[in-house]
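Below is one structure, written out as C-alpha cells; the observations come after it.
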Amino acid sequence: MSARDWIDKDFYRELGVSSDASADEVKKAYRKLARELHPDANPGDAKAEARFKSVSEAYGVLSDTAKRKQYDEARRLFAGGGGFPGGFGQGGGFDVGDLFSRQQQAGGMGGLGDLLGGLFNRRAGGTASSATRPRRGEDVETDVRIDFTEAVQGATVPMRLSSPATCSTCAGSGARPGTSPRTCPNCAGAGLVTRNQGAFAFSEPCADCRGTGRIVDDPCPDCGGDGVSTKTRTLTIRIPAGVDDGQRIRLAGQGEPGRNNGPNGDLFVRVHVNPDPLFGRSGNNLTVTVPVTFPELALGTTLTVPTLDGKVTLKVPAGTASGRVLRAKGKGIARRDGQVGDLLITLQVAVPNNMDAAAREALEAYASKTAQHDPRADLNALVEKRST
C-alpha cells in the first residue's frame, strides 16, 4: 500500500458517519460494525474479515483525538475540505510522493511531514496500540415505573437487569479456568503490526490476535473467550424524593465492565411516574381541584382538603370566585436539597345535573332577586369599547 493509497481512504465512509460526527457516534458506529463483521461471527468469510480490518483501521484513527485532527487536516490540505478525488498522482497535478521527496532533499520533512508524521507513525517505536490500553465500559440505560406517591416521597425499588458483565468463570480473561492468554508473538502484545512503505511506516490491527494483543488458545466455555457474558442481576435502586417523570438516575460503576482493567461504565435509570387520580404536580408544588357549591363561595365556608400525608382545613372567604387558587404552605414536595413546595387548591363550582322541584323553585327565586346584577357587565363594556 502506498502513501497515496493510505491518504485516499475515507475513514468516515468506512464507519458510515459524517465528518462532524461526535466521538460517541464514532464509537457506536464502530461497535455495531465490529459485532457484525467480527471473524468469530463470520467464520471463513474472507470478505467480512477484510471489512473488519478496514473498519478497525478507520476506528483506530478516528477514535484518537490527535490522529483524527491530523487526518482531517490532511483531508483539507489535499482535497480542499472535500473528499479524496483521484487527483493525487498522474493527471491530478499533485504527487504526494514527489512532495515528500522534495522536502527531504530540502533538509527534512518539516511542514507536511510534521503534520502527517503522527498519523502515519513515521517515528521509530510509534506502534503502541490503543487496543491494549485500559478502556472504560459502556454506559447502560434502563427504565423503571413507579407510582406518583413514590416519586413524591421517595422509594427503594428492586430491579432485575440483564446486561453485559465480567465473566465470573474466567474473571474476564477469556481463557478457560486454569489457563491464561498468551502474548501474541506476531505483534508482541501491541495489537498492531507495522509495515514500511518508502518514507512511511503505518500500522494496522494484527490479524493473528485481531488487535487484542493476546491469543486465547483455550477459550472460556461460558463467554467464548470474550471475557464478558450477559447476566441477570438484581439491583436495589434508591429513588430520591421529588424525582420528576423522565428524570435519569445515575448508578456509578454499574454499567458494562471495562476492558483491560479499565473502569466500568455507569447505569442510568430513567424514571417513569404513573399519574395520580387526585393530585397533580407543578414543580415542587402539588395541585388538587376541589368541587364547591355556589353558596359556599358566595357565603364563605371552611373546607377540609386531602393532602398526601393527611388533611388540611382551609377557610374560604365570602364572595370567593370560582377558579380561585388557595395555598396550603409546606404541603407539597420536600426535595433532598431542603426545598419544600406547597399544595395549590383550585376551587371549582360543581353544577348539579338534576334538581328537584323545591331546589329549582329556590334557584328561580334567587335568580329573580338578583336579576339586576349583570355578571358580564365588564365583559360587555370591553366589547363595546373595542367596536367603537
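Numbered per full-length UniProt numbering, the sequence shown finishes at 388, counting up by one with no gaps. Just so you know, even glycine gets a beta-carbon here, dropped at the ideal spot from N, CA and C. Note that this is a predicted model, so its numbers are computed, not measured.
Which of helix, strand or coil does DSSP assign to residue 350? coil
Measure the alpha-carbon distance for residue 47 versus residue 231 and round it to whole angstroms. 33 angstroms
Residues of its chain near residue 274, where Cβ-Cβ distance is below 8 angstroms and the 5 sequence neighbours each way are ignored: 145, 146, 147, 148
Should the stretch 308-322 be called in touch with the stretch 370-378, which here means at least 3 C-beta pairs below 8 angstroms? no
Let's see if you can read the secondary structure: which residues bound the alpha helix (DSSP H) around residue 298? 294-299
Measuring CB atoms only, is the stretch 358-369 touching the stretch 323-342, in the sense that at least three cross pairs come out at less than 8 angstroms? no
Length of the line joining the Cα atoms of residue 322 and residue 348: 5 angstroms
May I ask you to report which of helix, strand or coil DSSP gives residue 288? strand
Are residue 164 and residue 256 close, meaning C-beta to C-beta below 8 angstroms? yes
Member of 276, 207, 228 whose CA lies at the smallest distance from the CA of residue 394: Absent from the model: residue 394. The displayed extent of the chain is 1 to 388, so no value can be given.
Since I believe residue 166 is in contact with residue 214 (beta carbons under 8 angstroms), could you give me their beta-carbon distance rounded to a whole number of angstroms? 16 angstroms between Cβ atoms; not a contact.
Chain-order list of residues whose beta-carbon lies under 8 angstroms from that of residue 426 (same chain, five-residue window excluded): Because the chain here runs from 1 to 388, residue 426 falls outside it and cannot be looked at.
Return the chain-ordered list of same chain residues with a C-beta closer than 6 angstroms to the C-beta of residue 286, the five sequence neighbours on each side being excluded. 279, 332, 343
Mind checking which residues open and close the alpha helix (DSSP H) that includes residue 385? 377-387
May I have the straight-line CA-CA distance separating residue 115 from residue 282, to the nearest angstrom? A caution first: residue 115 carries a pLDDT of 45, below 50, which makes its placement in the model unreliable, though a value can still be read off. Taking the straight line joining both Cα atoms gives about 56 angstroms.
Cβ neighbours of residue 238 in the same chain (closer than 6 angstroms, five flanking residues each side left out): 156
Please state whether DSSP places residue 279 in a helix, a strand or coil. coil
The stretch 34-42 contacting the stretch 65-76, beta-carbon criterion three pairs below 8 angstroms: no
Cα-Cα separation between residue 210 and residue 217, rounded to whole angstroms: 14 angstroms
Note down the Cα distance separating residue 269 from residue 158, rounded to an integer number of angstroms. 12 angstroms
Check each candidate in 212, 258, 235 and name the one with the smallest Cα separation from residue 228. 258
Ends of the beta strand (DSSP E) at residue 315? 310-316
Given a threshold of 16 other Cβ atoms within 10 Å of its Cβ, counted over all protein chains shown, does residue 80 qualify as buried or as exposed? For residue 80, the predicted structure reports a pLDDT of 44, less than 50, and the residue's modelled location is therefore unreliable. The matter cannot be settled from this model.
Secondary structure at residue 162, three-state DSSP: helix, strand or coil? strand
Quick one: what does DSSP say residue 173 is sitting in, helix, strand or coil? coil
Backbone CA spacing between residue 142 and residue 203 [nearest angstrom]: 39 angstroms
If we ignore side chains and look at the alpha-carbon of each, how far apart do residue 195 and residue 266 end up? 39 angstroms
Check residue 13 in the structure and name its three-state DSSP category. helix
Let's test the definition: count the other Cβ atoms within 10 Å of the Cβ of residue 173 and tell me whether it reaches 16, buried, or not, exposed. buried
Rounded to whole angstroms, what is the Cα-Cα separation between residue 120 and residue 28? At residue 120 the pLDDT is 47, less than 50, meaning the model places this residue with poor confidence and gives no usable figure here.
For residue 87, count neighbouring Cβ atoms within 10 angstroms of its own Cβ and tell me buried if that reaches 16, exposed if not. Annotation note: pLDDT 39 at residue 87 (below 50); position unreliable, no value reported.
By DSSP, does residue 141 sit in helix, in strand, or in coil? strand
With DSSP collapsed to three states, give me the class of residue 368. helix
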